[in-house]
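Student: To start, I am sharing the structure in question, which I have written as structure tokens.
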Amino acid sequence: MLCWLRSRRLREEADTLGLNKKVIRVATGNAKKFEEIRSILEGYGLKAEMVEGKTLEIQHDDIKAIAETALRQALSNKKGPLLLEDAGLFIDALKGFPGPYSSYVFRTVGVEGIIQLMKGVKSRDAEFKSIVAYGGTVRRIWLFEGNVKGCITETPRGSKGFGFDPIFTPLDHSKTFAEVTMTEKNQVSHRGQALMKFTDWYNANVVKD
Ligand code: IMP
Numbered sequence: 007m008l009c010w011l012r013s014r015r016l017r018e019e020a021d022t023l024g025l026n027k028k029v030i031r032v033a034t035g036n037a038k039k040f041e042e043i044r045s046i047l048e049g050y051g052l053k054a055e056m057v058e059g060k061t062l063e064i065q066h067d068d069i070k071a072i073a074e075t076a077l078r079q080a081l082s083n084k085k086g087p088l089l090l091e092d093a094g095l096f097i098d099a100l101k102g103f104p105g106p107y108s109s110y111v112f113r114t115v116g117v118e119g120i121i122q123l124m125k126g127v128k129s130r131d132a133e134f135k136s137i138v139a140y141g142g143t144v145r146r147i148w149l150f151e152g153n154v155k156g157c158i159t160e161t162p163r164g165s166k167g168f169g170f171d172p173i174f175t176p177l178d179h180s181k182t183f184a185e186v187t188m189t190e191k192n193q194v195s196h197r198g199q200a201l202m203k204f205t206d207w208y209n210a211n212v213v214k215d
């Protein structure tokens with residue numbers, strides 16, 4: 007009895023410290039993206055661990071292919087299972103640009119470049135898409151997609167978040183992603199949606215106890 011009580015107490019303490027949580031290893035070089043993923047997964051009872059290092063980003067017109075190839079490459083030199091996420095901003099008036107080229111566009115012309123491209127454009131609908139790729143070996147990879155519709159602002163607003171957050175307001179919201187807290191962003195974001203699908207699948211198929 008004493009032994010059982012002691013092991014129960016130890017288990018409860020470990021729960022409090024988060025030691026009993028399943029650990030998802032996340033391959034990313036982006037600390038802000040990792041923080042969002044960590045916080046979202048924590049909300050579903052999972053713990054995230056950052057596996058640092060530059061992830062390969064091939065040029066392709068499909069972000070699913072980009073995420074899948076990046077995960078395969080990461081699994082070829084890092085211990086699996088790994089989770090990797092790739093996202094893009096798709097602007098209707100620009101026929102989906104920058105979409106799969108979001109990373110390159112952000113690095114080169116940045117937020118200001120998009121504002122310039124959209125100067126005088128009335129239709130400002132856009133969408134963020136996220137692909138979460140997960141797998142233990144290069145032979146079998148699972149993909150989960152999430153998206154959030156919204157529009158591009160006339161000028162950048164806010165200082166939180168990262169990337170194109172200051173120029174994107176989700177549908178039915180007045181603030182940009184850079185004007186709200188990370189928790190508020192995660193509740194509606196493309197990343198939040200994709201990770202919700204991932205955790206549903208993970209809890210149903212991977213977690214056994
Ligand atoms: P990545 O390839 O997923 O890292 O993202 C492609 C580009 O989109 C990067 O320049 C990011 O800064 C930007 N991006 C990705 N996710 C977000 C987001 O949640 N908010 C704003 N920009 C993002």
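For the sequence shown, our numbering assigns the number 7 to the initial residue and increments by one for each residue that follows.
C-beta: ideal position from N, C-alpha, C; glycine also.
Is the region 124-132 close to the region 95-103, with three or more CB pairs under 8 Å?
Tutor: Contact between the region 124-132 and the region 95-103 is present, because at least three Cβ pairs lie under 8 Å.
Student: If you compare alpha carbons, which of 195, 107, 175 and 58 is closest to residue 84?
Tutor: Counted from its first residue, the sequence shown places residue 84 at position 78. Nearest C-alpha to residue 84: 58.
Student: Who are residue 136's beta bridge partners in DSSP?
Tutor: Counting from one through the sequence shown, the residue named residue 136 turns up at place 130. Residue 136 is bridged to 93 and 152.
Student: Return yes when at least one heavy atom of ligand 1 lies under 6 Å from the C-beta of residue 218, else no.
Tutor: With the chain covering only 7 through 215, there is no way to say anything about residue 218.
Student: Any heavy atom of ligand 1 closer than 6 Å to the beta-carbon of residue 171?
Tutor: To locate residue 171, count along the sequence shown from 1; it is residue 165. Correct: residue 171 has its Cβ closer than 6 Å to ligand 1.
Student: Any idea what DSSP makes of residue 162, helix, strand or coil?
Tutor: The residue labelled residue 162 in the question sits at position 156 within the sequence shown. Three-state DSSP puts residue 162 in coil, outside helix and strand.
Student: Among residues of its own chain, excluding the 5 on either side of residue 115, which ones have a beta-carbon nearer than 6 Å to its beta-carbon?
Tutor: Locating residue 115 in the sequence shown gives position 109, counting from the first residue. Cβ neighbours of residue 115 beyond the five flanking positions: none.
Student: Is the region 35-48 touching the region 64-75, taking contact as three or more C-beta pairs under 8 Å?
Tutor: Contact between the region 35-48 and the region 64-75 is absent, because fewer than three Cβ pairs lie under 8 Å.
Student: Of the residues 137, 109 and 32, which one's Cα is nearest the Cα of residue 168?
Tutor: Counting from one through the sequence shown, the residue named residue 168 turns up at place 162. Checking every option, the nearest Cα to that of residue 168 belongs to 109.
Student: Confirm the yes/no value for this check: CB of residue 108, any heavy atom of ligand 1, distance under 6 Å.
Tutor: Position 102 of the sequence shown holds residue 108. Yes.
Student: Report yes if the C-beta of residue 112 is less than 6 Å from at least one heavy atom of ligand 1; otherwise report no.
Tutor: For this step, residue 112 is matched to residue 106 along the sequence shown. Correct: residue 112 has its Cβ closer than 6 Å to ligand 1.
Student: Rounded to the nearest angstrom, how far is the Cβ of residue 163 from that of residue 42, given a contact under 8 Å?
Tutor: Taking the sequence shown and counting its residues from 1, the one referred to as residue 163 is at position 157. Taking the sequence shown and counting its residues from 1, the one referred to as residue 42 is at position 36. With 8 Å as the limit, residue 163 and residue 42 do not qualify as a contact, their Cβ atoms being about 19 Å apart.
Student: May I have a chain-ordered list of the beta strand (DSSP E) segments no shorter than 3 residues that lie completely inside the region 38-117?
Tutor: Here the runs fully enclosed are 52-57 and 88-97.
Student: For a test of the three-state rule: what should DSSP assign to residue 128, helix, strand or coil?
Tutor: Mapped onto the sequence shown, residue 128 falls at position 122. DSSP places residue 128 in coil when its eight states are reduced to three.
Student: Below 6 Å, is the gap between the Cβ of residue 93 and the nearest heavy atom of ligand 1?
Tutor: The residue you call residue 93 lines up with position 87 of the sequence shown. It does: the Cβ of residue 93 is within 6 Å (strictly closer) of some heavy atom of ligand 1.
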